[in-house]
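Below is one structure, written out as structure tokens, with a few remarks after it.
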Amino acid sequence: MNKKNKSDQYWKESVHTQLSYWFGVMAVGIQFVLGFRHITILFGQLNILEGFFGLSGLLLLDLIHGKKSKKKIYPEKFKKIHPNLFYRFAITFGVIALIQFIFQIVPLITSTEMALAIVFAPVCEEYFFRGILMEPTFRLGRNAKPDQKFTVWRYNPKKRKPAKEMSYAELGGILLSGVLFAGFHVNYYGQPRLIGMVLVGGWWLGLVYFWNKDLTAVILAHFLLNIFFVAQFYQVFL
Numbered sequence: 001m002n003k004k005n006k007s008d009q010y011w012k013e014s015v016h017t018q019l020s021y022w023f024g025v026m027a028v029g030i031q032f033v034l035g036f037r038h039i040t041i042l043f044g045q046l047n048i049l050e051g052f053f054g055l056s057g058l059l060l061l062d063l064i065h066g067k068k069s070k071k072k073i074y075p076e077k078f079k080k081i082h083p084n085l086f087y088r089f090a091i092t093f094g095v096i097a098l099i100q101f102i103f104q105i106v107p108l109i110t111s112t113e114m115a116l117a118i119v120f121a122p123v124c125e126e127y128f129f130r131g132i133l134m135e136p137t138f139r140l141g142r143n144a145k146p147d148q149k150f151t152v153w154r155y156n157p158k159k160r161k162p163a164k165e166m167s168y169a170e171l172g173g174i175l176l177s178g179v180l181f182a183g184f185h186v187n188y189y190g191q192p193r194l195i196g197m198v199l200v201g202g203w204w205l206g207l208v209y210f211w212n213k214d215l216t217a218v219i220l221a222h223f224l225l226n227i228f229f230v231a232q233f234y235q236v237f238l
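Numbering (the numbering used here), first residue to last: 1 to 238.
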């Protein structure tokens, strides 16, 4: 399948796979339950906000993408899971785990409910910060003129694959989503290393989403990362 056909296929199908969509529904439910249980404190209020992030992705992402069903609140036909999902997920997870290791950060966890919120927050965050915020830039990039793009990767000529191009709008989307992602982590304010970790990690996740147009892989990588570090906390401190 050539570059044009791959691009056309992306715009013809939903952004959601069944895995990402129903995973998102579960995560939104958990965030809202925890949020309303603790609505009087910052922890609960942030969980409610996370829930709305995820809900906006579930309800609006396909609408922005141009594939929203007119009869149902969920896609009439889900996107097929890519055969290279595990490979994409593994690369994404490996790099973002390395970023967190470099900054040598262990999450501050004080309760089981907080651990649960941390584990499922990435699903909601990816729907909003990578999905809702970056999808409009993909549409701009689709119609960008040659002088509004630049080459980010040239494949070996033997592969006969066209160079990977990025529009300036898409680059702006990656940078902006990363900055807003870091800014959302208000509990990290005043801690440059923590903010730096989230900022760099957000940019990496944005780049991966641009490259593969596969939200499922990004969600799974971010989800597993938080599981690992929550588990690390319990092993070390409990």
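Every residue, glycine too, gets a C-beta built ideally from N, C-alpha and C. All figures in this text were calculated on a predicted structure; none of them were measured in a lab.
For the segment 186 to 202 against the segment 76 to 93, are there 3 or more C-beta pairs whose distance is under 8 Å? Per the Cβ contact rule, the segment 186 to 202 is not in contact with the segment 76 to 93 (fewer than 3 Cβ pairs under 8 Å).
How is S111 classed by DSSP in three states: helix, strand or coil? As a position in the sequence shown, residue 111 is number 111, starting the count at 1. Assignment of S111 by DSSP, reduced to helix, strand and coil, places it in the coil class.
Can you tell me whether DSSP reads S167 as helix, strand or coil? Here residue 167 is taken as the residue at index 167 of the sequence shown, counted from 1. The answer is strand: DSSP assigns S167 an E or B state.
Endpoints, beta strand (DSSP E) assigned at T151: To locate residue 151, count along the sequence shown from 1; it is residue 151. DSSP places T151 inside the beta strand (DSSP E), whose first and last residues are K149 to W153.
By how many angstroms is the C-alpha of R154 removed from the C-alpha of R160? For this step, residue 160 is matched to residue 160 along the sequence shown. For this step, residue 154 is matched to residue 154 along the sequence shown. When rounded, the distance between both Cα atoms is 10 Å.
For L220 and Q148, what's the separation of their Cα atoms in angstroms? Indexing the sequence shown from 1 puts residue 220 at position 220. Indexing the sequence shown from 1 puts residue 148 at position 148. Distance between the alpha carbons of L220 and Q148: 32 Å.
With a cut-off of 8 Å on the beta carbons, I'd call L58 and G24 a contact; round off their distance for me. The residue you call residue 58 lines up with position 58 of the sequence shown. The residue you call residue 24 lines up with position 24 of the sequence shown. Right, the Cβ-Cβ distance comes to about 5 Å (below 8 Å), so this counts as a contact.
Secondary structure of T17, DSSP reduced to three states: Start at 1 with the first residue of the sequence shown, and residue 17 comes out as number 17. Under the three-state reduction of DSSP output, T17 falls in the strand class.
Would you report the Cα separation of I118 and K12, rounded to the nearest angstrom? Residue mapping note: residue 118 aligns to position 118 of the sequence shown, counting from 1. Residue mapping note: residue 12 aligns to position 12 of the sequence shown, counting from 1. Between the alpha carbons of I118 and K12 lies a distance of about 34 Å.
Leaving out five residues on either side along the sequence, give the residues of the same chain with a beta carbon under 8 Å from the beta carbon of L116. Along the sequence shown, read from residue 1 onward, the residue named residue 116 stands at position 116. The beta carbon of L116 lies closer than 8 Å to those of I30 and L34 in the same chain, with the five residues before and after it left out.
With distances taken from CA atoms, which of L63, K80, E126 and H82 is nearest V28? On the sequence shown, residue 28 is found 28 positions in, with the first residue counted as 1. Answer by Cα proximity: E126.
Is S56 closer than 9 Å to F128 when the C-beta atoms are compared? Within the sequence shown, numbered from 1, the residue matching residue 128 stands at position 128. Within the sequence shown, numbered from 1, the residue matching residue 56 stands at position 56. Going by C-beta atoms, F128 is nearer than 9 Å to S56.
Tell me the residue span of the alpha helix (DSSP H) that contains G202. The sequence position of residue 202 within the sequence shown is 202, counting from 1. Run containing G202: P192 to N212, per the alpha helix (DSSP H) assignment.
Less than 9 Å between the beta carbons of L225 and F86, yes or no? Along the sequence shown, read from residue 1 onward, the residue named residue 225 stands at position 225. Along the sequence shown, read from residue 1 onward, the residue named residue 86 stands at position 86. The answer is no: Cβ separation not under 9 Å.
Measure the Cβ-Cβ separation of Y189 and M134 and say whether it is below 9 Å. Here residue 189 refers to the residue found at position 189 when the sequence shown is read from its first residue. Here residue 134 refers to the residue found at position 134 when the sequence shown is read from its first residue. Not a contact, by the Cβ cut-off of 9 Å.
Just mark N187 as buried or exposed, buried being the case when its beta carbon has 16 or more other beta carbons within 10 Å. Sequence index remark: in the sequence shown, residue 187 carries index 187 (1-based). Burial call: exposed.
For M166 and V179, which I take to be in contact (beta-carbon distance under 8 Å), what is that distance rounded to the nearest angstrom? Translated into positions along the sequence shown, residue 166 becomes position 166. Translated into positions along the sequence shown, residue 179 becomes position 179. Between V179 and M166 the Cβ distance is about 18 Å, and since that is not below 8 Å, they are no contact.
For F223, count the other beta carbons within 10 Å of its own beta carbon; 16 or more makes it buried, fewer makes it exposed. Which is it? Residue 223 sits at position 223 when you count from the first residue of the sequence shown. Residue burial annotation: F223 is buried, with at least 16 other C-beta atoms found within 10 angstroms of its C-beta.
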